[in-house]
Structure formats: C-alpha cells, structure tokens
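Take a look at the structure below.
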Amino acid sequence: EDFIALPPMTVRSPLTTGDAVGAFRRATGAAFGQSGAGDLAELVGIARVPRVEGDWDWLMNALLMLPTDALAVLPCRLRIWDPDAPITTQQDVDDAMWDDLEAWNRRFDELQIEYESTTSTN
Numbered sequence: 071e072d073f074i075a076l077p078p079m080t081v082r083s084p085l086t087t088g089d090a091v092g093a094f095r096r097a098t099g100a101a102f103g104q105s106g107a108g109d110l111a112e113l114v115g116i117a118r119v120p121r122v123e124g125d126w127d128w129l130m131n132a133l134l135m136l137p138t139d140a141l142a143v144l145p146c147r148l149r150i151w152d153p154d155a156p157i158t159t160q161q162d163v164d165d166a167m168w169d170d171l172e173a174w175n176r177r178f179d180e181l182q183i184e185y186e187s188t189t190s191t192n
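Each residue of the sequence shown is one higher than the one before, starting from 71 at the first, in my numbering.
Dropping the structure here:
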C-alpha cells in the first residue's frame with residue numbers, strides 16, 4: 071500500500087447550464103425544461119488539470135496525460151413535493167430513475183463522441 075505514494079490532486083470548476091470550454095473538451099449544459107422534461111437539468115464544467123510535482127510525478131503525469139481537461143457532468147432533478155399527489159410504488163420510482171439514468175448515459179456518450187471527433191487527426 072505504501073509502495074507508491076502518488077501526490078494528492080484537487081481540481082475545481084464552476085458548473086453551468088451554459089457552455090463550458092477547455093483546451094481539449096467542450097460541453098453544453100441544459101437548464102431546467104430544456105431537456106424535454108421540466109424538472110431535469112444538466113450542469114457541466116471543464117477544469118484544467120495541471121501537471122503534478124512530487125514523488126512519482128512522472129508516473130502520474132504520464133498515466134493521466136497531464137496537463138489535460140477534466141469534464142464534470144452533473145444531472146439534476148428538481149422535485150416539488152405535493153402532499154395531494156398519489157403515492158407511487160417503489161417499482162414506479164425505480165423504473166423512472168432507470169429511464170433517467172439511461173438518458174444521462176446516452177448524453178454522456180454523446181459528449182464523449184463529440185470530444186473524440188474534435189481531437190481525432192485525419
């Protein structure tokens with residue numbers, strides 16, 4: 071466990087529903103209501119990840135190809151509790167969450183394809 075002690079790394083980035091652009095990545099978020107459902111939003115952020123310094127820095131820089139950009143995608147759902155609404159079953163909730171998860175996975179795949187198409191050399 072103590073064989074290789076990699077240096078700690080902190081990356082910070084503001085998240086937005088607008089455009090986020092880095093040196094290698096680009097993403098566009100979606101405000102509530104823009105993704106088709108009024109209670110869904112997508113926050114995105116691009117952070118520059120600098121080269122690290124310290125013990126084993128050459129390994130970490132090589133493995134992570136630093137410096138580079140880090141992409142953050144945060145799907146959000148805004149729910150307002152209505153005490154008069156009918157109570158749904160756990161299966162209904164699970165099904166809805168699964169559908170949302172599949173939609174966010176497709177969106178992340180789209181962002182990855184977009185990234186790959188902007189970085190490929192022809």
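Yeah, the Cβ is synthetic: ideal placement off N, Cα and C, and Gly gets one too.
Run the CB neighbour count on residue i, radius 10 Å, all protein chains shown included, and call it buried at 16 or more, exposed below.
{"i": "glutamate 112", "result": "buried"}
{"i": "alanine 97", "result": "buried"}
{"i": "alanine 75", "result": "exposed"}
Counting only the same chain and skipping the five closest in sequence on each side, list residues whose C-beta sits under 7 Å from that of residue i.
{"i": "methionine 79", "result": "Val122"}
{"i": "arginine 149", "result": "Asp109"}
So, for residue i: in the same chain, excluding its five sequence neighbours on each side, which residues have a beta-carbon less than 8 Å away from its beta-carbon?
{"i": "glycine 88", "result": "Thr98 and Gly99"}
So, are the CB atoms of residue i and residue j less than 7 Å apart?
{"i": "aspartate 139", "j": "arginine 95", "result": "yes"}
{"i": "alanine 117", "j": "valine 81", "result": "yes"}
{"i": "alanine 142", "j": "glycine 115", "result": "yes"}
{"i": "proline 120", "j": "proline 137", "result": "yes"}
Between which two residues does the beta strand (DSSP E) holding residue i run?
{"i": "alanine 97", "result": "96-98"}
{"i": "alanine 111", "result": "110-119"}
{"i": "aspartate 127", "result": "Here aspartate 127 belongs to no beta strand (DSSP E); instead the alpha helix (DSSP H) covers 127-133."}
{"i": "threonine 138", "result": "138-147"}
For the putative contact between residue i and residue j, defined by C-beta atoms under 8 Å, what is the C-beta separation to the nearest angstrom?
{"i": "proline 77", "j": "methionine 130", "result": "7 Å"}
Hey, could you find the ends of the alpha helix (DSSP H) residue i is sitting in?
{"i": "aspartate 89", "result": "That residue, aspartate 89, is in no alpha helix (DSSP H); its beta strand (DSSP E) goes 89-91."}
{"i": "alanine 155", "result": "Looking at the DSSP string, alanine 155 is not in any alpha helix (DSSP H), and its letter there is neither H nor E."}
Cutting at 6 Å between CB atoms, please list the residues of its own chain near residue i, excluding the five before and the five after it.
{"i": "glycine 124", "result": "Pro77"}
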